Amino acid sequence: MPETTIKSEKSANSPETSMAKAYNHEAVEQRWYDWWEKQGYFTPEIDPRKEPYTIIMPPPNVTGELHMGHALTNAVEDILIRWKRMSGYAALYLPGEDHAGIAGQFVVERELAKEEVSRHDLGREQFLLKAWEWMDLYRPRIRYQLRRLGASCDWSRERFTMNEGPARAVRTVFKHLYDKGLIYKGERIVNWCPRCMTTLSDLEVENEEVQGNLWTLFYPLMGSEQSSPGAGNGILVATTRPETMLGDTAVAVNPSDPRWQGHIGKTVILPIMNRPIPIVADEAVDINFGTGAVKITPGHDPLDFEIGQHHSLPIINLLNLNGTLNGNAGPYAGQTVERARKGVIARLEAEGYLINVEPHSHSVPHCERCGTVLEPIVSDQWFVRMQPLAAPAVEAVRDGRVRIVPERFAKVYYHWMENIRDWPISRQLWWGHRLPVWYCDNGHRFASAAEPEAVAECEICGSKKIWQDPDVLDTWFSSGLWPFSTLGWPDKTPDYEYFYPTDVMETGYDILFFWVARMIFQGLENTGEVPFHTVYLHGLIRDDKGRKMSKTAGNVIDPLSMVDKYGSDALRTALVTNSSPGNDQKLSEQKIEQTAHFANKLWNATRFVVSQGQASSPQAQPRTLPDRWIVSRYSRIVGQVTQLLEDYQLGEAGKVLQDFVWSDYCDWYIEAAKTALRGDDEAGKATVEVARTVLDGTLRLLHPFMPFLTEELWQHLNGWPSERALPNDEQSIMLAPWPEPIGVDEEAERDFNLVIEIVREIRNARAEAVRDAPEQIKKEMTGRRIEAHIGGGKRTAILKVEAETIARLARLDQEKLLIVESLSPAQRPDKSTTLVIGEVEVALPLAGLVDLKAERKRLQAEAENASAEIERTEKLLANEQFVARAVPQVVQRERDKLASAQERLAKLKERLEAL
RNA sequence: GGGCGAUUAGCUCAGUUGGUCAGAGCGCCUCGUUUACACCGAGGAGGUCGGGGGUUCGAGCCCCUCAUCGCCCACCA
Numbered sequence: 066m067p068e069t070t071i072k073s074e075k076s077a078n079s080p081e082t083s084m085a086k087a088y089n090h091e092a093v094e095q096r097w098y099d100w101w102e103k104q105g106y107f108t109p110e111i112d113p114r115k116e117p118y119t120i121i122m123p124p125p126n127v128t129g130e131l132h133m134g135h136a137l138t139n140a141v142e143d144i145l146i147r148w149k150r151m152s153g154y155a156a157l158y159l160p161g162e163d164h165a166g167i168a169g170q171f172v173v174e175r176e177l178a179k180e181e182v183s184r185h186d187l188g189r190e191q192f193l194l195k196a197w198e199w200m201d202l203y204r205p206r207i208r209y210q211l212r213r214l215g216a217s218c219d220w221s222r223e224r225f226t227m228n229e230g231p232a233r234a235v236r237t238v239f240k241h242l243y244d245k246g247l248i249y250k251g252e253r254i255v256n257w258c259p260r261c262m263t264t265l266s267d268l269e270v271e272n273e274e275v276q277g278n279l280w281t282l283f284y285p286l287m288g289s290e291q292s293s294p295g296a297g298n299g300i301l302v303a304t305t306r307p308e309t310m311l312g313d314t315a316v317a318v319n320p321s322d323p324r325w326q327g328h329i330g331k332t333v334i335l336p337i338m339n340r341p342i343p344i345v346a347d348e349a350v351d352i353n354f355g356t357g358a359v360k361i362t363p364g365h366d367p368l369d370f371e372i373g374q375h376h377s378l379p380i381i382n383l384l385n386l387n388g389t390l391n392g393n394a395g396p397y398a399g400q401t402v403e404r405a406r407k408g409v410i411a412r413l414e415a416e417g418y419l420i421n422v423e424p425h426s427h428s429v430p431h432c433e434r435c436g437t438v439l440e441p442i443v444s445d446q447w448f449v450r451m452q453p454l455a456a457p458a459v460e461a462v463r464d465g466r467v468r469i470v471p472e473r474f475a476k477v478y479y480h481w482m483e484n485i486r487d488w489p490i491s492r493q494l495w496w497g498h499r500l501p502v503w504y505c506d507n508g509h510r511f512a513s514a515a516e517p518e519a520v521a522e523c524e525i526c527g528s529k530k531i532w533q534d535p536d537v538l539d540t541w542f543s544s545g546l547w548p549f550s551t552l553g554w555p556d557k558t559p560d561y562e563y564f565y566p567t568d569v570m571e572t573g574y575d576i577l578f579f580w581v582a583r584m585i586f587q588g589l590e591n592t593g594e595v596p597f598h599t600v601y602l603h604g605l606i607r608d609d610k611g612r613k614m615s616k617t618a619g620n621v622i623d624p625l626s627m628v629d630k631y632g633s634d635a636l637r638t639a640l641v642t643n644s645s646p647g648n649d650q651k652l653s654e655q656k657i658e659q660t661a662h663f664a665n666k667l668w669n670a671t672r673f674v675v676s677q678g679q680a681s682s683p684q685a686q687p688r689t690l691p692d693r694w695i696v697s698r699y700s701r702i703v704g705q706v707t708q709l710l711e712d713y714q715l716g717e718a719g720k721v722l723q724d725f726v727w728s729d730y731c732d733w734y735i736e737a738a739k740t741a742l743r744g745d746d747e748a749g750k751a752t753v754e755v756a757r758t759v760l761d762g763t764l765r766l767l768h769p770f771m772p773f774l775t776e777e778l779w780q781h782l783n784g785w786p787s788e789r790a791l792p793n794d795e796q797s798i799m800l801a802p803w804p805e806p807i808g809v810d811e812e813a814e815r816d817f818n819l820v821i822e823i824v825r826e827i828r829n830a831r832a833e834a835v836r837d838a839p840e841q842i843k844k845e846m847t848g849r850r851i852e853a854h855i856g857g858g859k860r861t862a863i864l865k866v867e868a869e870t871i872a873r874l875a876r877l878d879q880e881k882l883l884i885v886e887s888l889s890p891a892q893r894p895d896k897s898t899t900l901v902i903g904e905v906e907v908a909l910p911l912a913g914l915v916d917l918k919a920e921r922k923r924l925q926a927e928a929e930n931a932s933a934e935i936e937r938t939e940k941l942l943a944n945e946q947f948v949a950r951a952v953p954q955v956v957q958r959e960r961d962k963l964a965s966a967q968e969r970l971a972k973l974k975e976r977l978e979a980l
């Protein structure tokens with residue numbers, strides 16, 4: 066944007082201020098963050114006289130770039146933190162990074178692959194050293210990005226999930242749950258990713274609807290293998306995965322299915338493998354699906370596994386860990402699943418066992434991380450027993466100790482928690498928290514919270530021959546402890562005692578189960594308290610077409626590039642004000658640009674106020690009507706914004722503020738104030754004082770949203786850079802107290818609203834008249850100040866005081882502006898346009914522009930409007946039900962409307978008759 | 001198969017206790033350089049708040065129902 070730069074330079078030497086003509090976020094944003102940090106403003110003191118307010122930042126994955134979701138997260142959190150800090154709380158915003166489990170291991174492996182080294186070449190120990198090296202490179206990047214976003218987090222308390230503190234918390238929790246019997250090891254069917262070579266929890270599985278086939282196979286009864294297929298001599302089974310038949314150990318039917326009842330207990334011969342398998346009865350079989358008979362592969366299907374357990378069926382594992390078939394698959398050993406499927410089908414068909422094929426869509430599990438098709442396999446894994454932990458966590462939300470915003474997500478939470486299954490926590494990776502489980506040569510097993518280096522002997526028998534379980538924990542295990550592991554737990558540190566439980570956990574709704582739910586039960590189980598009192602869930606950021614942003618789709622808008630282009634303030638405000646809690650939002654660059662325009666507007670408003678000089682006395686009098694009005698409006702805004710923030714309606718709060726600045730403060734107040742500012746009298750000094758006071762407060766209200774800009778402007782407003790007029794404890798807007806309302810002035814609001822209305826009506830009438838006029842007159846009217854006669858009725862005195870303002874705002878010729886109590890016929894000549902604003906009447910003798918016919922028509926239309934309004938309100942007020950049941954204010958408002966419409970109609974009629 | 005959300009001006013979206021709630025920004029049309037701002041100002045056009053039914057003195061907001069789109073959960077072999 067070279068243009069802007071040139072402009073800025075040109076006007077940089079403007080005499081009144083050192084402020085450039087246009088706002089340049091680059092220069093400003095770089096200025097403040099380091100200073101804030103150096104001053105220690107981000108680091109709260111543990112102060113018993115203050116209330117603590119704590120937000121623990123959801124730790125971004127150390128390996129990635131920050132995306133728009135992070136930008137939104139940090140915007141919301143920083144807004145809350147800055148607001149509370151200004152409101153007098155000891156506000157702690159604790160930052161950190163997550164080691165990111167599988168994703169973390171992958172980036173390291175990817176880097177190694179560049180040198181054609183695999184992790185197995187290095188060995189575990191060396192690999193982990195490498196991993197740490199990489200983390201030390203990645204972490205500063207995340208820190209830098211968070212700084213650019215303006216996050217006022219306390220870097221002195223920064224944590225990494227793999228640091229010794231959080232790691233000790235992990236071991237302590239593990240041991241506690243292990244000793245309590247809530248962590249166990251067992252053979253279960255789990256999701257296996259053949260590419261990542263690890264187990265995954267159900268949450269890490271993405272089910273994708275795939276168009277496949279449903280194959281019907283014939284399994285002959287033992288002894289009738291040679292006869293042709295038929296119900297009498299065998300059974301028909303339907304399957305979407307024919308290759309798994311190699312591992313079948315039974316066929317199951319529903320016991321009440323008349324078709325197959327006779328077959329129960331008999332034995333069929335499994336084709337290809339020529340193995341006898343039983344036909345069993347199980348309620349779990351759906352009579353209405355397929356043939357009503359299911360082949361049972363306990364080794365590779367979750368439902369089959371369960372049925373297998375009930376009937377003590379053997380489990381045949383067909384797969385190697387890389388997803389190829391193993392020796393149990395007979396002739397197909399070594400093949401991929403896809404290839405084996407084709408082979409099996411071909412052979413079954415050739416041998417007459419394939420009865421039917423029909424298209425069938427069903428869902429196939431994929432790895433959330435890499436997209437590979439997952440295989441259910443039976444494996445010895447570690448689990449957390451969920452039911453005992455879930456119950457109190459449900460209760461905590463139900464009884465309100467934890468509030469979820471928006472509320473509707475509570476239902477989703479209940480449903481998940483109440484149907485929860487045990488959580489598989491072991492992962493076959495190297496990067497992560499290694500299970501603190503030890504085995505000894507005497508067959509003992511124990512968990513230890515001690516550092517692995519310090520574990521020297523079996524806790525049960527004292528044997529020195531011990532070894533640690535090779536698996537690591539699901540990355541979400543450590544995440545679940547984050548609200549307290551970051552504060553020093555299990556030690557009762559001062560931080561933990563003061564800042565825990567935390568206040569708000571803010572994150573995307575997509576990780577409600579992954580993370581939020583787990584923090585709640587871990588917090589309750591381990592600290593005896595809820596980890597936070599409020600969960601604020603924001604929506605997802607999508608591209609302008611509503612698609613999820615992703616690298617593969619190529620539709621990512623990078624937050625940092627937006628910060629470069631439009632400023633951090635613009636980005637965070639755009640993200641927050643264009644959305645409502647829990648709802649997804651489509652983001653386009655245009656929205657960020659709009660907010661940047663707002664920043665420029667605010668910059669210029671401040672530039673104007675600063676150029677008026679300092680107020681001479683803090684309580685200058687007398688105050689003009691616009692002064693009283695803006696103070697009143699401001700007071701309402703302070704209350705409104707504060708309330709909206711209390712209600713977590715950040716977007717609304719931001720919008721209210723933008724409206725106030727743009728419309729009330731700039732468009733009306735500053736323009737009206739120019740009247741008083743022109744003079745050198747006391748009123749002018751009072752106006753300077755009011756303009757500054759209201760702007761100062763408004764900057765404070767906006768500071769949580771736009772921290773950089775407001776700091777810059779606030780400093781300018783307070784004499785910077787030529788002098789520092791600020792007391793030590795208020796050197797930064799960050800430390801300035803959150804504003805209090807000054808006072809609502811109903812009278813001023815009413816009176817100035819009348820001024821506004823009059824100005825609007827005159828502008829409007831002029832524009833309309835000019836629009837329909839011939840070219841010649843249009844030209845003549847350009848820039849011309851027009852004549853106006855105002856009959857003010859009881860408001861005459863007020864209007865006389867505001868005459869100059871009205872004249873300037875409505876572009877009237879002040880010499881020819883006449884304000885009287887009531888207009889004489891001469892003062893409203895026929896060739897004029899008449900406006901009726903309440904009891905006020907305005908006549909505009911627009912020479913040459915007023916066409917009598919048109920004017921009559923216009924007045925007619927106005928009169929009809931008024932009549933309609935009268936009719937509507939009269940009818941409403943005649944309704945006894947309404948008068949009796951509606952709240953009094955509403956009834957009164959309707960009465961007022963009626964009265965003013967009647968007055969208006971009378972005036973219009975009078976004028977019409979005169980014409 | 002359950003559950004949730006969205007459906008408001010051409011576009012993107014606000015609208016939390018039912019009574020100035022019919023709004024904002026952008027876009028479009030007309031004007032305009034006045035003690036800050038053209039990254040601006042003034043004015044205007046544009047919507048029966050997805051359809052239907054109901055509750056109520058009164059509904060964009062509550063209830064029922066339908067439609068379209070999207071998301072989440074679920075052991076549909």
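In the working numbering, the protein residues as written are 66 to 980.
C-beta: ideal position from N, C-alpha, C; glycine also.
Keep in mind it's a predicted model, so treat the numbers as computed, not measured.
Separation of LEU137 from ARG637, as counted between CA atoms: 7 Å
field: Beta-carbon proximity of PRO646 to TYR601, cut-off 9 Å
entry: yes
- prompt: Comparing alpha-carbon positions, which option in HIS603, VAL955, SER543 lies nearest ASN591?
  reply: SER543
- request: Determine the extent of the alpha helix (DSSP H) in which ASP99 is found, giving its start and end residues.
  value: 90-104
task: Could you name the residues of the same chain whose beta carbon sits closer than 8 Å to that of VAL956, not counting the 5 residues immediately before and after it, in chain order?
output: LEU942, PHE947, VAL948
query: Excluding five sequence neighbours on each side, which residues of the same chain lie with their C-beta closer than 6 Å to the C-beta of ALA966?
result: ALA931, GLU934, ILE935
task: Go to ASP560, then tell me how far its alpha helix (DSSP H) extends in each direction, as first and last residue.
output: 559-564
- request: State the Cα-Cα distance for the pair ASP878 and ALA85, rounded to the nearest angstrom.
  value: 34 Å
query: Residues in its own chain within less than 8 Å of PRO424 by CB, not counting five upstream and five downstream?
result: GLN276, GLY277, ASN278, LEU279
message: Residues in the same chain with beta-carbon distance under 6 Å from GLU74, minus the five sequence neighbours each way, listed in chain order, please.
response: Note that GLU74 scores 33 on pLDDT, short of 50, meaning its location in the model is unreliable and no value can be drawn from it.
query: Are VAL438 and ILE254 touching if we call contact CB-CB under 9 Å?
result: no
field: Where the beta strand (DSSP E) containing PRO548 begins and where it ends
entry: That residue, PRO548, is in no beta strand (DSSP E); its alpha helix (DSSP H) goes 547-550.
field: Same chain, Cβ closer than 8 Å to ALA971, five either side skipped, listed in chain order
entry: none
task: Check GLY395 in the structure and name its three-state DSSP category.
output: helix
message: Within the continuous alpha helix (DSSP H) that includes LYS360, where are the two ends?
response: Run containing LYS360: none in the alpha helix (DSSP H); it sits in the beta strand (DSSP E), 358-361.
query: With a CB to CB cut of under 6 Å and the five nearest residues on each side skipped, what residues in its chain are close to ASN509?
result: First, the residue type needs correcting, since residue 509 is His and not Asn in the sequence shown. So the list reads CYS523, ILE525, CYS526, once near-sequence residues are dropped.
task: Give the DSSP bridge partners of ASN272, in chain order.
output: PRO430
message: How far does the alpha helix (DSSP H) with TRP541 in it extend, from its first residue to its last?
response: 540-544
- request: Evaluate the contact criterion for the stretch 853-863 versus the stretch 883-891: three or more CB pairs, one atom per stretch, below 8 Å.
  value: yes
- prompt: Nearest-angstrom Cα distance between TYR478 and LEU800?
  reply: 38 Å
message: Three Cβ pairs or more, each shorter than 8 Å: is that satisfied between the stretch 255-273 and the stretch 604-618?
response: no
- prompt: Secondary structure at LYS972, three-state DSSP: helix, strand or coil?
  reply: helix
task: Identify whether LEU602 lies in helix, strand or coil by the three-state DSSP scheme.
output: strand
query: For GLU869, which of helix, strand or coil comes out of DSSP?
result: helix
query: Would the beta-carbon of ALA155 fall within 9 Å of that of GLU102?
result: no
message: Please tell me whether LYS179 and GLN446 are closer than 9 Å, where the distance is taken between their beta carbons.
response: no
- request: Identify the continuous beta strand (DSSP E) that holds LYS881 and give its terminal residues.
  value: 877-885
task: Could you check how far apart the C-beta atoms of ALA315 and PRO343 are, in whole angstroms? I think they sit under 8 Å.
output: 5 Å
task: For CYS261, name the three-state secondary structure that DSSP assigns.
output: coil
task: Within 10 angstroms of the Cβ of SER626, are there 16 or more other Cβ atoms? Answer buried if so, exposed if not.
output: exposed
query: Any idea if TRP532 is buried or exposed, counting beta-carbon neighbours within 10 angstroms, 16 or more meaning buried?
result: exposed
field: Helix, strand or coil at ALA908 [DSSP, three-state]
entry: strand
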